[in-house]
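K.L.:
Starting off with a structure, shown below.
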Amino acid sequence: MTDESTQIRDAIKSAIDENRVIVFMKGTPEQPRCGFSARTVATLQALDTPFAAVDILPHPAIREQLSALSNWPTIPQLFVDGELVGGCDIVTEMYASGELAELIGVQQPAEAPAPVAAEPAQAPPLQIQDPPR
Amino acid sequence: MPTTEDIKRRIEAAIPNAAADVEDLTGGGDHFRATVVSPEFAGRSRIEQHRMVYDVFGNEVGGPIHALSIKTQTS
Numbered sequence: 002m003t004d005e006s007t008q009i010r011d012a013i014k015s016a017i018d019e020n021r022v023i024v025f026m027k028g029t030p031e032q033p034r035c036g037f038s039a040r041t042v043a044t045l046q047a048l049d050t051p052f053a054a055v056d057i058l059p060h061p062a063i064r065e066q067l068s069a070l071s072n073w074p075t076i077p078q079l080f081v082d083g084e085l086v087g088g089c090d091i092v093t094e095m096y097a098s099g100e101l102a103e104l105i106g107v108q109q110p111a112e113a114p115a116p117v118a119a120e121p122a123q124a125p126p127l128q129i130q131d132p133p134r
Numbered sequence: 045m046p047t048t049e050d051i052k053r054r055i056e057a058a059i060p061n062a063a064a065d066v067e068d069l070t071g072g073g074d075h076f077r078a079t080v081v082s083p084e085f086a087g088r089s090r091i092e093q094h095r096m097v098y099d100v101f102g103n104e105v106g107g108p109i110h111a112l113s114i115k116t117q118t119s
């Protein structure tokens, strides 16, 4: 493994260790670049839980090292407490059954239909940004 | 480019007593959804069940198979 790969892998490991709920995705929560990533983020937002998000698109090595580390081929990937929970399918199933809320330790929303995936937005006409911290 | 039939056949050949139902989500031959029923899934976590299906395709998932959405059931 090259130095760069090692560095990226170490950075991924640290991010997983340091963030209780972390999703590796295509794009950002504000501008997801893939419907599966969009749906996973929408699910976390529906649970009203804080989460960290890492965009894997800027560098192919991020995805390579992440999949090597997690033994999971696809994006998105959700980790809770350092453990891989799964991709969009598993997250959606676990949300619907209430298992995801339980795992994260939040209240399941009273009305809990699975959030609908937004189409991947290339250039949304209107964006709502998080307020600056 | 894999077809839904190819994917179904490969899953059923690789996982004991599996019955797979495969849809092409976009018609483009690269986004698939597979519903797989096999008693082999019993006693395994969701992650392990889905890995069994992904493992059938190795590096093709993320490559020629851009997306493979999976639902697993034991019966």
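Chains as they are written, first to last, in this note's numbering: chain P, 2 to 134; chain V, 45 to 119. In this text, a Cβ means the ideal position worked out from N, Cα and C, and glycines have one as well.
So with CB distances below 7 Å, who are the chain V contacts of P/Asp11?
P.N.:
Sequence index remark: in the first sequence, residue 11 of chain P carries index 10 (1-based). Within chain V, no residue comes near P/Asp11; the closest Cβ sits about 23 Å away, beyond 7 Å.
K.L.:
In the DSSP assignment, what are the bridge partners of V/Lys115?
P.N.:
Numbered from its first residue, the second sequence carries residue 115 of chain V at position 71. V/Lys115 pairs with V/Thr79.
K.L.:
Please report the Cβ distance between P/Leu9 and P/Ile76, rounded to the nearest whole angstrom; I am assuming they are in contact, meaning their Cβ atoms lie under 8 Å.
P.N.:
Translated into the one-based positions of the first sequence, residue 9 of chain P becomes position 8. Translated into the one-based positions of the first sequence, residue 76 of chain P becomes position 75. Rather than Leu, the amino acid found at residue 9 of chain P in this sequence is Ile. The Cβ separation is near 15 Å, so there is no contact.
K.L.:
Per DSSP, which one or two residues make a beta bridge with P/Ala53?
P.N.:
On the first sequence, residue 53 of chain P is found 52 positions in, with the first residue counted as 1. DSSP lists P/Ile23 as partners of P/Ala53.
K.L.:
Put V/Glu56 into one of helix, strand or coil per three-state DSSP.
P.N.:
Locating residue 56 of chain V in the second sequence gives position 12, counting from the first residue. Correct three-state label for V/Glu56: helix.
K.L.:
Among V/His75, V/Val97, V/Ala86 and V/Thr118, which one has its Cα closest to the Cα of V/Arg110?
P.N.:
For the purposes of this step, residue 110 of chain V is identified with residue 66 of the second sequence, where counting begins at 1. Note that residue 110 of chain V is His in the sequence shown here, rather than Arg. When each option's Cα is compared against that of V/His110, the closest is V/His75.
K.L.:
With DSSP collapsed to three states, give me the class of V/Ala63.
P.N.:
For the purposes of this step, residue 63 of chain V is taken as residue 19 along the second sequence, with counting starting at 1. Note: V/Ala63 maps to strand in three-state DSSP.
K.L.:
In chain order, what are the residue ranges of uninterrupted beta strand (DSSP E) at least 3 long that sit wholly in the region 48 to 93 of chain P?
P.N.:
53 to 56, 78 to 81 and 84 to 87
K.L.:
Can you list, in chain order, the residues of its chain whose CB lies under 8 Å from that of P/Asp4, leaving out five sequence neighbours each side?
P.N.:
Residue mapping note: residue 4 of chain P aligns to position 3 of the first sequence, counting from 1. Around P/Asp4: no qualifying Cβ.
K.L.:
Can you tell me whether P/Val42 is helix, strand or coil according to DSSP?
P.N.:
Reading the first sequence from its first residue, position 41 is the one you call residue 42 of chain P. P/Val42 falls in the helix class under three-state DSSP.
K.L.:
Looking at the unbroken alpha helix (DSSP H) that takes in V/Asp74, where does it start and where does it end?
P.N.:
Translated into the one-based positions of the second sequence, residue 74 of chain V becomes position 30. Annotation for V/Asp74: no alpha helix (DSSP H) segment contains it, and DSSP assigns it neither H nor E.
K.L.:
Judging by CA-CA distance, which residue of V/Gly102, V/Met96, V/Ala57 and V/Pro46 is the nearest neighbour of V/Ala67?
P.N.:
Mapped onto the second sequence, residue 67 of chain V falls at position 23. With the sequence shown as reference, residue 67 of chain V is identified as Glu, and Ala is not the correct amino acid for it. With distances taken between Cα atoms, V/Glu67 lies closest to V/Pro46.
K.L.:
So, is the C-beta of P/Gly87 closer than 8 Å to a C-beta in chain V?
P.N.:
Against the first sequence, residue 87 of chain P aligns to sequence position 86. Yes - at least one Cβ of chain V is within 8 Å of the one on P/Gly87.
K.L.:
Which chain P residues are close to V/Ile114, counting only those with a beta carbon under 8 Å from its beta carbon?
P.N.:
As a working mapping, residue 114 of chain V is identified with position 70 in the second sequence. What V/Ile114 touches in chain P: Asp90.
K.L.:
From P/Ser6 to P/Ala111, what distance separates their C-alpha atoms?
P.N.:
As a first step, residue 6 of chain P is located in the first sequence; it is residue number 5 there, counting from the start. As a first step, residue 111 of chain P is located in the first sequence; it is residue number 110 there, counting from the start. So the alpha carbons of these two residues sit roughly 44 Å apart.
K.L.:
Check the Cβ of V/Arg95 against every Cβ in chain P and list those closer than 8 Å, keeping chain order.
P.N.:
Mapped onto the second sequence, residue 95 of chain V falls at position 51. Neighbours of V/Arg95 in chain P, taken as residues whose beta carbon is under 8 Å from its own, are Asn72 and Trp73 in chain order.
K.L.:
Just the Cα atoms here: how many angstroms apart are P/Glu120 and P/Ala47?
P.N.:
Residue numbering aside, residue 120 of chain P sits at position 119 when the first sequence is read from its first letter. Residue numbering aside, residue 47 of chain P sits at position 46 when the first sequence is read from its first letter. At P/Glu120 the pLDDT is 49, less than 50, meaning the model places this residue with poor confidence; the figure from the coordinates comes in the next sentence. Taking the straight line from one Cα to the other gives about 17 Å.
K.L.:
Measuring only the C-alpha atoms, how far is P/Asp90 from V/Glu56?
P.N.:
Taking the first sequence and counting its residues from 1, one reaches residue 90 of chain P at position 89. Taking the second sequence and counting its residues from 1, one reaches residue 56 of chain V at position 12. Roughly 20 Å between the two C-alpha positions.
K.L.:
Using DSSP with H/G/I as helix, E/B as strand and the rest coil, what is P/Thr3?
P.N.:
As a first step, residue 3 of chain P must be located in the first sequence, where it is residue number 2. Of the three classes helix, strand and coil, the one that applies to P/Thr3 here is coil, per DSSP.
K.L.:
For the alpha helix (DSSP H) containing V/Arg88, name the first residue and the last one.
P.N.:
Along the second sequence, read from residue 1 onward, the residue named residue 88 of chain V stands at position 44. First-last for V/Arg88: undefined, no H or E at that position.
K.L.:
In the DSSP assignment, find the alpha helix (DSSP H) that holds P/Glu103 and state where it starts and stops.
P.N.:
Numbered from its first residue, the first sequence carries residue 103 of chain P at position 102. Segment Glu100 to Ile105, the alpha helix (DSSP H) holding P/Glu103.
K.L.:
Spatial neighbours of V/Gln93 within its chain, please: C-beta separation below 6 Å, excluding the five flanking residues on both sides.
P.N.:
Taking the second sequence and counting its residues from 1, the one referred to as residue 93 of chain V is at position 49. Excluding sequence neighbours, V/Gln93 sits near Phe85 and Thr116.
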